[in-house]
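I have placed the structure first, in the form of structure tokens, so that the comments after it can refer back to it.
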Amino acid sequence: MTASASSSLRWGMISLAFFATLINYLDRQSLSVAAPILQQQFKLSSIDYSRVLFAFMLAYTIMNGVSGLLIDKLGTRAGYGIFVGWWSVCAMLHAFVRGFWSLGVFRFLLGMGEAGNWPGAVKVVAEWFPAEERSLASGIFNSGSSVGAILAPPIIAGLVLHFGWRSAFVAVGSLGLIWLAVWAALYRSPRRTIDEPASPAISLRSLLRSRFVWTFTISKIFVDPVWYFYTFWFPTYLFHERHFDLASIGRYAWIPFFLAGLGSVGGGLIARIFLTAGLSVSGARKAAVTVAVMMMTAAIPAVHVAGWALSIALVSIAMAGYTAALANMLAMPADVIPARGVASVYGLASMGSGVGGMIFALTTGWLVDRYSYVPVFWLFGLIPIICVSILWVFMGRLEPDSQFLKETIASLK
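For the sequence shown, the working numbering begins at 646 and goes up steadily by one.
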């Protein structure tokens, strides 16, 4: 494959990851948009709903520790495709929900499949993009989550209102199967990964000895649950606290996710500005995350303002901050770990986000039922500060780890 061909193809490859992420979030958002209807039909409290989310996050957490290893072992084409196929079928199974328990089971199965998206997409970035383009490429594919979340409220609300809530799950699950057919036909790996020659996958033992892997994993406990809160709870917040009906949710709930999409790409551009100003890759990534975390504190006044429009605007700023932070954090594993191990690293690190997601999902349900949404918005406005503090204080410099470079050299002898 020539350099020019590789250069042009990489944008096609990242586009496939973008659409997979978009579909992932259509599947995920189907429940959150339909949740007010399901809560009424099946008499689910906020605590019941939080337990359904916990089932999703439990499977998501467990499989994050496995999905990256599987994708590194099977290869990007087969591994990523298997996970997309799994979650698409499981999304369609939601049409057979009959109550709390069946909903919980199907969400658990969905979480198992959806755990493969980010390790798979991060591996596409590592295989096709050099270090200076990885934040931008990560922002591009990750913006699919925002676009999917933008499309979900009007699409899901329209399907629910016209054809019933079961149709929504069947429709979005079918999109994943269409993507799978396109992926199988078009995806290819470069003959040689951008920054390294072909070599065996990195061992789990080596990854678990890495300071970077541990600090990166712990940092995600305090940032990713913010996105899960907005993804799973924002429509119900509008329904219960801002007195939106389902049609109004369809009209307005997409707005914060639109801004989040801009933030996803903007986070990569912020890092490039810092790089142009002379900061190292490590300093630029961390500085960009710091700016983004400051934006995320806009969640705190969002719950206090009287007008719903200003509340949505502040939530939009907070969500754009999250995606800007994530665009840079998605690029970090490839800065330190050889490309043959980045899916494994991101899978392990995402176990941290899953643990945080489980803890904070149950906490959210308890706080909403016992108190209100006020302490919840304060919580998710402040915990990202813990994340960025870990990056600056404990992570160290983002540069190729000599431990893995030695392992690479040894594997080639």
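The beta-carbon is built from N, C-alpha and C at its ideal position, and this holds for glycine as well.
- Per DSSP, the unbroken alpha helix (DSSP H) holding T1008 starts and ends at V987 to R1015.
- Distances from the CA of W810 to each of L676, V1033 and I1030 were compared; the closest alpha carbon is that of L676.
- When rounded, the separation of the alpha-carbon atoms in S925 and W763 is 25 Å.
- G992 is the residue among G992, D1014 and P775 whose C-alpha sits nearest the C-alpha of G710.
- For H807 and F1025, the gap between their C-alpha atoms comes out near 35 Å.
- Here DSSP, grouped into helix, strand and coil, assigns S791 to helix.
- Contact between the segment 853-864 and the segment 1004-1011 is absent: fewer than three C-beta pairs spanning the two stretches fall below 8 Å.
- By the CB criterion at 8 Å, G908 and P798 fall outside the cutoff.
- Classified as buried, G912 has 16 or more neighbouring CB atoms from the shown chains inside 10 Å of its CB.
- The way I'd put it, the segment 751-768 does touch the segment 984-991; three or more beta-carbon pairs between them come closer than 8 Å.
- The segment 928-938 makes contact with the segment 1030-1048: 3 or more CB pairs, one atom from each, lie closer than 8 Å.
- Proximity to G726 across R673, A826, K688 and S780 peaks at A826, based on C-alpha coordinates.
- A contact between stretches requires three or more CB pairs, one per stretch, nearer than 8 Å, and the segment 747-758 meets this requirement with the segment 693-700.
- Secondary structure of D890 (DSSP, three-state): coil.
- Distance from the Cα of G730 is smallest, within the candidate group I707, G713, L715 and A665, for A665.
- The alpha-carbon separation between S855 and G803 amounts to approximately 48 Å.
- Within the model, the alpha-carbon separation for R1015 versus T881 is close to 16 Å.
- In the three-state scheme derived from DSSP, where H, G and I count as helix and E and B as strand, S690 is classed as coil.
- In the structure shown, W859 adopts helical secondary structure according to DSSP, grouped into three states.
- Nearest neighbour of F902 by Cα position, chosen from M702, S961, M996 and F774, turns out to be S961.
- For S691, the number of other beta carbons within 10 angstroms of its own is at least 16, and it is reported as buried.
- Going by C-alpha positions, V734 is about 8 Å away from L822.
- Cβ contact annotation for M737 (same chain, cutoff 8 Å, sequence separation greater than five): F814, V815, G818 and S819, in chain order.
- No beta strand (DSSP E) of 3 residues or more sits fully in the segment 947-992.
- With contacts defined by Cβ atoms closer than 8 Å, G966 and V938 form a contacting pair.
- Annotation: W872 to M964 spans about 7 Å, alpha carbon to alpha carbon.
- Three or more pairs of CB atoms, one per stretch, sit closer than 8 Å, so the segment 778-785 contacts the segment 968-987.
- Here Q674 is near A794, since their CB atoms are less than 8 Å apart.
- In its chain, beyond the 5 residues on either side, V948 and H949 have a beta carbon closer than 8 Å to the beta carbon of V1019.
- Boundaries of the alpha helix (DSSP H) around F903: I900 to T921.
- In the structure shown, V805 adopts helical secondary structure according to DSSP, grouped into three states.
- A distance below 8 Å separates the beta carbons of G789 and F663.
- At a Cβ-Cβ threshold of 8 Å, I957 and W1023 do not count as neighbours.
- Measuring C-alpha to C-alpha distances from S995 to each of P978, W1011 and V805 identifies P978 as the nearest.
- DSSP places M658 in the helix class (H, G or I) of the three-state scheme.
- Between M757 and the set T706, A892, L852 and I915, the nearest pair of CA atoms involves T706.
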